[in-house]
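Numbering (our numbering), first residue to last: 7 to 704.
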């Protein structure tokens, strides 16, 4: 090799080798200090790609394990709550068994029923309140068929634990059925729902039953009132049963709709038609029936009444309510509402329509009587606009003793510009007006007619009426409004009916006295039925709907209309209606259907029936718990499988990614020695140009 000055090839070679050794030494140092064989894509491009996918899968699987553990915690929360539900059901069955025996009185059963109701309400509260991370667990939120879950979604909760989104291997759903009372005690005929402090849920006691015994001709337009002790009275007008035309008849029935005694005639005067029957229970326990009698007062229709004992037998003679006799006086032109109400101090108030009394049109008249039918006040014209048509009155007594009268008014200059509007007027306990007429309906187009008014146990009162074309063109709908006792609006006008096919009209109201009230009405084409049906909807005292609108009549053919309602002493309620497709073989008859409270053991028979119902509810809760237990076991096995999978995948990733310390340390020592040698050789090589200089210098 030539001796040159410009290029030191030996030094360059030594420097290159030194650089390579330093690079290798740096790599070894990085691997030993990090513990990773691959610290960048340059270390192993293919290995890096595989490693990162493995790392993501391991991380995902570990999160899946945490997800599954969270699901187990959720299941344990639900199961713990259901354990308490089971305890409540066991206590309810114990109470039902206690009430089912004949050694207790009805008063004692009422006490037992108080605890029974409390246990049921606690089940409802637990089912509504139990949640996990804000997700309700037992209220049906996690039942159904939807595969989404979250704070505002419904359907089975998806537990995800896999690395992709294949339902066969990456997730499955947890479904928890509804454990609230309507689901635990469900059947197809339940109506109503549950309130925080009461259970206004009902089921029909079988199909409807025929009220009238006499079946020739038509029997129409029932009116009902409850009787102290548990029975109720039904009255109606019957064709060709009396001496002439129409007459008024009645039947006492027990709380399950069985006849008590025989059918009887109420009116004594038989020379012409007696129609438009209405009834109420007086404060002393006696019964009052009123009707319109044609020609009895010497001029057209007059309003007459008869007081009855609880068994339907007459007390005294029939009496006339109206003092003014020219033209017609009638209780209820369209057979809706209730023109009678019992007052304090052995009195009652009545309202009726009177033609051309106090004005050119028809007016609603108010008057107070004692319980024998003797008038205590003069006739009072209710409307502030007496020259119009003020008809179809209804009355109720407020908790402060005052009364509210509603009526349909039109054509007399009132604030409703349409043909008819609904008006109300308050009277004090002496029979004097309190303030002026008030327009009830907010919607004033077209016509509002057929009102009913009912006081509620909490002091409020509700008015319901029919409104034309408010919800559907060319059809009637049913609306309502709730007032505070002082007459201020508690809840503005709201719609009652859900069905809108054909007409829904002529509502009647009853206070169910458990935080709820019911509105029933004529419904055309209800749920596809041909002909008229009797529809109904239960509401809470605040006006919210409890459950869905339902059809009262069990018949699916013919016409069932003109309902009347009364709440019974045992918590049931009865609805009677005209029926041309019932058991009456000739024309129209009167049918009644009893709705019993779903969870109530105030009677021995009902307590006995509840034993099987509670057993069925316990089967449902235990099925839910068994499903939760099986799901928890499955999740625990899933966690074990995922842990093994993650462990093996982590081992595979380690083979690719982690540094073999022994091997790398050997390489490190080798590269360290070679680097030191390269430094020494580079030093020697750098001295070679000096040899050339010595030759030049001689």
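For each residue, glycine too, the CB sits at the ideal point set by N, CA and C.
From a predicted model like this one, the values you see are computed outputs, not experimental measurements.
- A Cβ-Cβ contact shorter than 8 Å links residue 637 with residue 81.
- By the CB criterion at 8 Å, residue 523 and residue 516 fall inside the cutoff.
- Below 8 Å, too few C-beta pairs join the segment 594 to 601 and the segment 77 to 91 to call them touching: fewer than three.
- Residue 188: not part of any beta strand (DSSP E); member of the alpha helix (DSSP H) spanning 187 to 190, first to last residue.
- DSSP, read as helix, strand or coil, puts residue 361 in strand.
- The alpha carbon of residue 629 has as its nearest neighbour, out of 91, 648, 314, the alpha carbon of 91.
- Here residue 237 really is in contact with residue 260; their C-beta atoms are around 5 Å apart, less than 8 Å.
- One alpha carbon belongs to residue 631, the other to residue 88, and they sit about 7 Å apart.
- Nearest neighbour of residue 257 by Cα position, chosen from 248, 250, 267, 249, turns out to be 267.
- For residue 270, the enclosing beta strand (DSSP E) starts and ends at 265 to 271.
- Buried is the label assigned to residue 348, since at least 16 other Cβ atoms lie within 10 Å of its Cβ.
- For residue 164, DSSP records a beta bridge to 179.
- Per DSSP, residue 50 lies in no alpha helix (DSSP H) and is assigned neither H nor E.
- Note: residue 311 is bridge-paired with 296, 325 in the DSSP secondary-structure output.
- Between residue 382 and residue 376, the gap from beta carbon to beta carbon is short of 8 Å.
- Taking C-alpha positions only, residue 443 is separated from residue 433 by approximately 11 Å.
- About 18 Å separates the Cβ atoms of residue 42 and residue 672, ruling out a contact at the 8 Å cut-off.
- Residue pairing by DSSP leaves residue 448 without any beta bridge partner.
- Here residue 427 carries a strand assignment [DSSP, helix/strand/coil].
- The beta-bridge partner set that DSSP reports for residue 646 is empty.
- Beta-carbon to beta-carbon, residue 414 and residue 428 are separated by about 6 Å, close enough to satisfy the 8 Å threshold.
- A distance of 8 Å or more separates the beta carbons of residue 617 and residue 124.
- Here DSSP, grouped into helix, strand and coil, assigns residue 404 to coil.
- The continuous alpha helix (DSSP H) containing residue 35 extends over residues 15 to 40.
- Of 641, 700, 678, the smallest CA-CA separation from residue 75 is found for 641.
- Remark: C-beta atoms of residue 265 and residue 337 do not approach each other more closely than 8 Å.
- Judged by DSSP secondary structure, residue 603 falls within the beta strand (DSSP E) whose first and last residues are 595 to 603.
- Judged by beta-carbon spacing, residue 195 lies within the 8 Å limit of residue 210, meaning their Cβ atoms are closer than that value.
- When Cβ pairs closer than 8 Å are counted between the two stretches, the segment 314 to 333 is seen to touch the segment 269 to 281, the count reaching three or more.
- If the five residues before and after residue 318 are omitted, its C-beta is found closer than 8 Å to the C-beta atoms of 239, 256, 257, 258, 267, 270, 293, all from its own chain and listed in chain order.
- Contact between residue 402 and residue 460 holds: CB atoms are separated by about 5 Å, below the 8 Å threshold.
- Under the DSSP assignment, residue 132 falls outside any beta strand (DSSP E), being part of the alpha helix (DSSP H) whose first and last residues are 112 to 135.
- C-alpha of residue 676 to C-alpha of residue 26: approximately 12 Å in a straight line.
- In the displayed model, residue 696 falls within a helix according to three-state DSSP.
- Between the alpha carbons of residue 374 and residue 568 lies a gap of roughly 27 Å.
- Between residue 552 and residue 185, the C-beta gap is not smaller than 8 Å, which leaves the two residues out of contact.
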